[in-house]
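Residue numbers (the UniProt record's numbering): 1 to 274. Input: a single structure, listed below in structure tokens.
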Amino acid sequence: MTAPFTPPPTSGRPMQRARGGARAAVSGRRLTGLRQSGSGKVLMPATHGGPSQAVFINTAGGVTGGDRFDWTLEAADGAHLVGTTQAAERLYRASGDTGRIQTTLSVGAGARLDWLPLETILFDGSATARRIDVSLEGDADFMALETIVLGRAAMGEHLNTLSFTDDWRIRRDGKLVQAEALRLTGDLASLRNGPATLEGIGAFATFLHSGPLAMDRLDAAREALPSTVTAAASAWNGQLVCRLHAADLHPLRQGIRAFLERYRGDPLPRVWYM
Numbered sequence: 001m002t003a004p005f006t007p008p009p010t011s012g013r014p015m016q017r018a019r020g021g022a023r024a025a026v027s028g029r030r031l032t033g034l035r036q037s038g039s040g041k042v043l044m045p046a047t048h049g050g051p052s053q054a055v056f057i058n059t060a061g062g063v064t065g066g067d068r069f070d071w072t073l074e075a076a077d078g079a080h081l082v083g084t085t086q087a088a089e090r091l092y093r094a095s096g097d098t099g100r101i102q103t104t105l106s107v108g109a110g111a112r113l114d115w116l117p118l119e120t121i122l123f124d125g126s127a128t129a130r131r132i133d134v135s136l137e138g139d140a141d142f143m144a145l146e147t148i149v150l151g152r153a154a155m156g157e158h159l160n161t162l163s164f165t166d167d168w169r170i171r172r173d174g175k176l177v178q179a180e181a182l183r184l185t186g187d188l189a190s191l192r193n194g195p196a197t198l199e200g201i202g203a204f205a206t207f208l209h210s211g212p213l214a215m216d217r218l219d220a221a222r223e224a225l226p227s228t229v230t231a232a233a234s235a236w237n238g239q240l241v242c243r244l245h246a247a248d249l250h251p252l253r254q255g256i257r258a259f260l261e262r263y264r265g266d267p268l269p270r271v272w273y274m
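In structure tokens:
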């Protein structure tokens, strides 16, 4: 049993909170909606014939207790849209409240959306709840990757306690087809010492492909998985899922990048090469 997570005491003074959101909608090759608020921004770089891209930016530099961010992407009418982030998301030490990140993704019939943000880095004492809601219509094609980093080992950082929840809900034509639920709470050191939990793992990732041809690509996914990290793939009910993990971020990120290039057949957004 892990100990309950208790945020560090506050000084009693009101804390400044970050609020932000951004939305981008694409129909075919045409941008049909763009909204930004607070500390949330979105850029639509020129792609010169490739899929449309949306790059989300958290100008607050990270997420801490009480912050709230909402990201929305919509692809319709044959669009191929790739969403990513300008930098890794950093979840900093909380001072009492829980930070919240809501991502809402919608893909219309005949469209494709690839959600490929850079990694999320957890810091000691952080408290964050993240949720990803995906709505697919008809033969919509959807790919997603999320990478979690348990502190920056190269910087000598160690995680003792934190609270992180990550919930995915993916629906096709209103029917739930995939759910993911991750809970990391309390004494993380104990979790990292358990052979059935996080023993030896410093970073891990989940890749999902949901679409009419996803299950047919299981062999291709297994062939594309990197040999430099621990990885496996499976497929069922129209979904293909890959799990990858490594002792630290560097080999995992290199392996993920090679996997995505090979499996998708397209270059990644430029932020992935910086």
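Where a beta carbon is used, it is the ideal one built from N, C-alpha and C, also for glycine.
Supposed contact pair residue j and residue i - C-beta distance, whole angstroms, cut 8 Å
{"i": "I101", "j": "T84", "result": "At roughly 15 Å, the Cβ-Cβ gap does not stay under 8 Å, so I101 and T84 are not in contact."}
{"i": "A24", "j": "G33", "result": "7 Å"}
{"i": "A94", "j": "G65", "result": "3 Å"}
{"i": "G255", "j": "V229", "result": "5 Å"}
Proximity winner among the options, relative to residue i (alpha-carbon distances)
{"i": "V26", "options": "P267, M44 and E74", "result": "E74"}
{"i": "L145", "options": "G99, G49, S135 and P117", "result": "P117"}
{"i": "G174", "options": "L260, D114 and G138", "result": "G138"}
{"i": "T147", "options": "R90, L162 and N160", "result": "R90"}
{"i": "R35", "options": "A22, L176 and M44", "result": "A22"}
{"i": "S37", "options": "P51, F56, H48 and G49", "result": "F56"}
{"i": "L159", "options": "D166, V149 and W168", "result": "V149"}
{"i": "S163", "options": "S135, R130 and I170", "result": "R130"}
{"i": "R19", "options": "A179, A231 and K41", "result": "K41"}
{"i": "A205", "options": "E223, V63 and R257", "result": "R257"}
{"i": "V271", "options": "Q86, R30, D77 and W71", "result": "Q86"}
Endpoints, the beta strand (DSSP E) within which residue i is located
{"i": "L249", "result": "Here L249 belongs to no beta strand (DSSP E); instead the alpha helix (DSSP H) covers L249 to R264."}
{"i": "R222", "result": "Premise fails: R222 lies in the alpha helix (DSSP H), L218 to A224, not in any beta strand (DSSP E)."}
{"i": "M143", "result": "D141 to L150"}
{"i": "R29", "result": "Looking at the DSSP string, R29 is not in any beta strand (DSSP E), and its letter there is neither H nor E."}
{"i": "R169", "result": "T161 to R172"}
{"i": "L244", "result": "Q239 to A246"}
{"i": "R131", "result": "A127 to L136"}
{"i": "T230", "result": "T230 to W236"}
{"i": "E157", "result": "Here E157 belongs to no beta strand (DSSP E), and DSSP marks it neither H nor E."}
{"i": "D187", "result": "K175 to D187"}
Residues that residue i bridges to, as DSSP identifies them
{"i": "R90", "result": "I121"}
{"i": "N58", "result": "G40"}
{"i": "V82", "result": "Q53 and D114"}
{"i": "I201", "result": "None, per the DSSP bridge assignment."}
{"i": "T72", "result": "R23 and T104"}
{"i": "L208", "result": "A144 and V241"}
{"i": "R35", "result": "R23"}
Residue i burial status per 10 Å Cβ neighbour count (16 or more: buried)
{"i": "R253", "result": "buried"}
{"i": "N58", "result": "buried"}
{"i": "M143", "result": "buried"}
{"i": "residue 277", "result": "In this structure the chain extends from 1 to 274, so residue 277 is not present and cannot be described."}
{"i": "G211", "result": "buried"}
{"i": "H245", "result": "buried"}
{"i": "L43", "result": "exposed"}
{"i": "A54", "result": "buried"}
{"i": "W115", "result": "buried"}
{"i": "T197", "result": "exposed"}
{"i": "Y263", "result": "buried"}
{"i": "L240", "result": "buried"}
{"i": "E223", "result": "exposed"}
Delimiting residues of the alpha helix (DSSP H) encompassing residue i
{"i": "A196", "result": "Unbroken run through A196: none, as it is neither H nor E."}
Contact test: residue i Cβ vs the ligand NAD heavy atom, cutoff 7 Å
{"i": "P212", "result": "Among the ligands in the structure shown, none appear at all, so the ligand NAD cannot be discussed."}
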